[in-house]
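Inspection log for the structure reproduced underneath, given as structure tokens.
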Amino acid sequence: MKYVFLIFFMNLLAQYSGKSLRRDDSYPKTFEDIKNEIAGYTDIAKAIIDLAVHGKAQNRSYERLAVFADTIGPRLSGSKNLDAAIKYMFRALQADGLENVHLEPVKVPHWERGEEFAVMLEPRNHSIAILGLGSSVATPPEGITAEVIVVASFDELHKRAQEAKGKIVVYNEPFINYGETVRYRSQGAVEAAKVGAVASLIRSVASFSIH
């Protein structure tokens, strides 16, 4: 990725050096101007890097990450943990001597986990270990009972859209890598709703699961 970026940057340099980056005059800076402006921050960038790599901030990011993970825990929007995390960073940045560190009130959505369970009724009765996704919509108080349709991809879901109407969609997607497979977690419910499904379930976004 770095190699491609450098090649792209050199091509831009040769093509646009001394020329305006836009066809109109709304942005009069030339590519050379932008290069010089960026170069003007060299000393500042070096000071930040030296502080993080060799100075008193060395390893501090890992230490603070440990505090977040081990002490504060998950930080869902609007939660007490998120409030604790914000106050922790506020105090930490003040202690670091940063300027203009302040808090501002803001309204955010707040989601709380309820009780979740799933039971397969046919061909045999079997309880399934599940966990509701953060910010997911709750079922009615009586829950949802429906037939299941299992698909391995969004393409298969769309091809079988008529079958999926009124059913629970189960995504049994193959794990390729996290970046590609996680889309079934983030978009699965939306895609299921588009074809008229009443709910959706996904397998764990991992290469292995004990369930």
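Per the numbering used here, the sequence shown runs over residues 212 to 422.
A virtual CB, placed ideally from N, CA and C, is assigned to each residue, including glycine.
Just so we're clear, the structure is a prediction, and the values are computed from it rather than from any experiment.
Asked	Found
Go ahead and label A306 buried or exposed: buried means 16 or more other beta carbons lie within 10 angstroms of its beta carbon, across all protein chains shown.	exposed
Quick check: the stretch 351 to 360 against the stretch 379 to 397, are there 3 or more CB pairs under 8 Å?	yes
Tell me, please, whether the stretch 384 to 393 touches the stretch 409 to 422 by the rule of three or more beta-carbon pairs shorter than 8 Å.	yes
Here's the rule I'm using: 16 or more other beta-carbon atoms within 10 Å means buried, otherwise exposed. How should Y252 be labelled?	exposed
Determine the DSSP secondary structure at A410, reduced to helix, strand or coil.	strand
Would you decide whether T282 is buried or exposed? Buried here means 16 or more other CB atoms lie within 10 Å of its CB.	exposed
Taking buried to mean at least 16 other C-beta atoms within 10 Å of its own C-beta, is G345 buried or exposed?	exposed
Would you list the residues sitting across from I379 in a DSSP beta bridge?	V359, A410
Mapping the DSSP letters down to three states, classify H265 as helix, strand or coil.	coil
Between which two residues does the beta strand (DSSP E) harbouring S397 extend?	Per DSSP, S397 belongs to no beta strand (DSSP E); it is in the alpha helix (DSSP H), 394 to 405.
In terms of DSSP beta bridges, what is A460 paired with?	In the structure as shown, the chain starts at 212 and stops at 422, and residue 460 therefore has no counterpart that could be examined.
Helix, strand or coil: how does DSSP classify S418 here?	coil
If you reduce the DSSP assignment to three classes, tell me which class T350 lands in.	coil
What residue range does the alpha helix (DSSP H) around A296 cover?	291 to 306
Could you tell me if V362 is buried or exposed, where buried requires 16 or more neighbouring beta carbons within 10 angstroms of its beta carbon?	buried
With H, G and I counted as helix, E and B as strand and the rest as coil, what does DSSP make of Y273?	helix
Between V406 and L368, is the Cβ-Cβ spacing less than 9 Å?	yes
Taking the alpha-carbon of L287 as reference, which of H321, V264, N311 has the nearest alpha-carbon?	H321
Which value, in whole angstroms, describes the spacing of the CA atoms of I255 and D294?	32 Å
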